[in-house]
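**Student:** FYI, in this note's numbering the residues of the sequence shown are 37 to 132.
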Amino acid sequence: MNAVKLTPAAYADLFEIGQIIRQDNPGAAELFVDDLTAIFERLAAMPEIGREIPEIRAGLRRHPFRRFNIYYELTGTGILVVRVLHSARDASALLS
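1. Should A129 go down as buried or exposed, given a rule of 16 or more other Cβ atoms within 10 Å for buried?
2. Within the same chain, show all residues whose beta-carbon is closer than 6 Å to that of F68, passing over the 5 residues directly before and after it, in chain order.
3. With a CB to CB cut of under 7 Å and the five nearest residues on each side skipped, what residues in its chain are close to L72?
4. Output needed for S132: all residues of its chain with C-beta closer than 8 Å, excluding positions within five of it in sequence on either side, in chain order.
5. Throw me the rounded Cβ distance for the I115 and P90 pair, which I believe falls under 8 Å.
6. Less than 8 Å between C-beta atoms, sequence neighbours within five positions excluded: which residues of the same chain meet that for G54?
7. If I measure Cβ to Cβ from H18 and keep anything under 7 Å in the same chain, skipping five residues before and after, which residues do I get?
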C-alpha cells in the first residue's frame, strides 16, 4: 500500500477541523475522521485522481472532500498531504 504522510500544517488543519466539529457533535467528528482516512487511502492508491493545480504551485493536486479540499503532492512512495482547507478559504494565499 502506498504511504500517506501529512505536513505539520495539515495536522494542524485536521486538529482545528476536528475541534470545531466535536463542539457540535462528537460522533460526527469521529465519522469525519473515519471518512477522511478512507479518502487519504484512496488518494494514496490512486494518486492521480486529484486535479493538478499548477497555478498555485507546481506538483500540487486538489481533491474535494465534503466542504473541504485536500491539497497534496505525489511522492515516490505515496502522497504528502500539504493542507486540508475549507473550500471558502483562499488556498492561493495559504499555499504559495
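Using N, Cα and C, we set each Cβ at its ideal position, and we do this for glycine too.
Remember, it's a predicted structure, so these values are computed and weren't measured experimentally.
**Tutor:** In short, the structure shows the following:
1. Here residue 129 corresponds to residue number 93 of the sequence shown, with the count starting at 1. Counting Cβ neighbours within 10 Å, A129 comes out exposed, since fewer than 16 surround it.
2. Residue 68 sits at position 32 when you count from the first residue of the sequence shown. Scanning its chain for C-beta atoms nearer than 6 Å, with the 5 sequence neighbours on each side dropped, one finds around F68 the residues I57, in chain order.
3. Looking up residue 72 in the sequence shown gives position 36. In its chain, beyond the 5 residues on either side, F101 have a beta carbon closer than 7 Å to the beta carbon of L72.
4. One-based indexing of the sequence shown puts residue 132 at position 96. So the list reads I92 and R93, once near-sequence residues are dropped.
5. Looking up residue 115 in the sequence shown gives position 79. Looking up residue 90 in the sequence shown gives position 54. Contact flag wrong, Cβ pair sits at about 17 Å.
6. By one-based count along the sequence shown, residue 54 stands at place 18. Apart from the 5 residues on each side of it in sequence, G54 sits with its Cβ closer than 8 Å to the Cβ of A65, F68 and V69 in its chain, given in chain order.
7. With the chain represented from 37 up to 132, any question about residue 18 goes unanswered, as that position is not in the structure.
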